[in-house]
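Each residue of the sequence shown is one higher than the one before, starting from 1 at the first, in this note's numbering. Ideal placement from N, C-alpha and C gives every residue a C-beta, glycine not left out. Only one structure is covered here, and it is reproduced in the block below.
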Amino acid sequence: MSNPFEDPNGTYVVVRNDEHQYSLWPGAMPVPDGWQVVHGPADRQECLTFVETSWTDMRPRSLAEWMDARTPAE
């Protein structure tokens with residue numbers, strides 16, 4: 001059996017959690033609790049491109065908000 005997370009010909013969705021962390025998820029599998037579909041279904045490359053263009057700040061949302069609240073305004 002092949003790994004459904006690495007199937008180059010598979011159909012995927014992009015999921016995101018409350019911390020705005022993204023993941024590629026096989027379209028045929030149920031989305032885990034705490035994650036929501038934000039793109040797809042689409043082919044693997046389209047989903048990867050979506051993640052690359054959407055997830056520009058790798059910090060978890062709560063950390064980014066905490067850090068931004070402490071950064072002096074310019």
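- Distance from the CA of arginine 70 to the CA of aspartate 57, rounded to the nearest whole angstrom, comes to 17 angstroms.
- Distance check between arginine 59 and each of Tyr12, Val15, Thr11 and Gln21 places Gln21 closest, using alpha-carbon atoms only.
- The bridge partners DSSP lists for asparagine 9 come to none.
- Within the segment 11-72, the runs of alpha helix (DSSP H) that reach at least 4 residues and sit entirely inside it are, in chain order, 44-54 and 61-69.
- Residue Val31 holds the alpha-carbon nearest to the alpha-carbon of asparagine 17 among Pro72, Val31, Pro41 and Gly27.
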